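A short worksheet on the structure shown next.
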Amino acid sequence: MNTDELPRVPDARVAILTSKWHAEYVNNIADRCEQILVQQAAVVQRHQLPGTYEFPYAVRILKENDSDLVAIVCIGIVLKGETRHFEMIVNSCAFGLTKASIDYDVIVINGIIPATDEKQIVARATTDQFNKGIELASAAIETIAWTRAVRGH
88 MNTDELPRVP
98 DARVAILTSK
108 WHAEYVNNIA
118 DRCEQILVQQ
128 AAVVQRHQLP
138 GTYEFPYAVR
148 ILKENDSDLV
158 AIVCIGIVLK
168 GETRHFEMIV
178 NSCAFGLTKA
188 SIDYDVIVIN
198 GIIPATDEKQ
208 IVARATTDQF
218 NKGIELASAA
228 IETIAWTRAV
238 RGH
């Protein structure tokens, strides 16, 4: 993905939430995401949580404590195991993040990767042009710019 044509988003306050699970891969994605956001003049803060299930709650707490926060990028990996825990986590998070975005008027980018094997994780967390952080940052930046244009800011 080419990021050269992304709009600048001066002083846009953005949080990146990460989970501790699969930290090496999650941090590769978050680092790339943060790099692009900062290049486009966003002000970035990072927070680490135990897992992805806590993300919807964290969105609420962050927005309640920083009303100027315009976007939150949630980055985590949920690896399918032998039980149905995988489906519960992924579905609950998707619903919770959507609800939090609407309820707290904040852009929420769902970067939770539901993977069935480690090969899928590696493919999305490499340090090349296929790093998922590029796509997540681009989505946040483009949505921030769109929102500013619509709201006249």
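Going by the numbering used here, the first residue of the sequence shown is number 88, and it counts up by one from there. For every residue, glycine included, the Cβ atom is placed at its ideal position computed from N, Cα and C. Given the structure is predicted, the values throughout are model-derived calculations rather than measurements.
**Item:** 8 Å contact criterion, which Asn202 and Ile164 should meet: CB distance rounded
**Value:** For the record, residue 202 in the displayed sequence is Ala; it is not Asn. Sure, about 6 Å apart at Cβ, within 8 Å.
How long is the line joining the alpha carbons of Asn115 and Arg238, rounded to whole angstroms?
Straight-line spacing of the CA atoms in Asn115 and Arg238 works out to 33 Å.
### Query
Ordered along the chain, which non-local residues of its own chain (more than five positions away) have a Cβ less than 8 Å from that of Gly138?
Ser106, Lys107, Trp108, Gly163 and Ile176
Checklist entry - Applying the criterion that 16 or more other CB atoms from any shown protein chain within 10 Å of the CB defines a buried residue, is Asn152 buried or exposed? => result Exposed, since its Cβ has fewer than 16 Cβ neighbours within 10 Å.
Q. Any idea what DSSP makes of Gly163, helix, strand or coil?
A. strand
Problem - Meets three-Cβ-pair contact criterion under 8 Å: the segment 114 to 129 and the segment 217 to 237 - result: With a cut-off of 8 Å, the segment 217 to 237 and the segment 114 to 129 count as touching, because enough Cβ pairs lie within range.
What's the call for Ile200, buried or exposed, on a 16-neighbour Cβ count within 10 Å? Counting of Cβ neighbours within 10 angstroms places Ile200 among the buried residues, the total reaching 16 or more.
- Item | DSSP three-state assignment for Pro94, whether helix, strand or coil | coil
Check: Among Ala102, Arg211 and Thr213, which has the Cα closest to the Cα of Asp155?
Finding: Ala102
- Query: Below 8 Å, can you find three or more Cβ-Cβ pairs linking the segment 184 to 200 to the segment 141 to 152?
  - Reply: yes
Where does Ser154 sit, in a helix, a strand or coil, going by DSSP?
-> coil
Fill in: Cβ-based neighbour list, Leu149, same chain, cut-off 7 Å, excluding 5 preceding and 5 following
Ala102, Leu156 and Ile159
If you draw a straight line from the alpha carbon of Asp91 to that of Arg100, how long is it in whole angstroms?
The alpha-carbon atoms of Asp91 and Arg100 are separated by roughly 21 Å.
Task: Burial state of Glu222, where buried means 16 or more other Cβ atoms lie within 10 Å - done: Label assigned to Glu222: buried.
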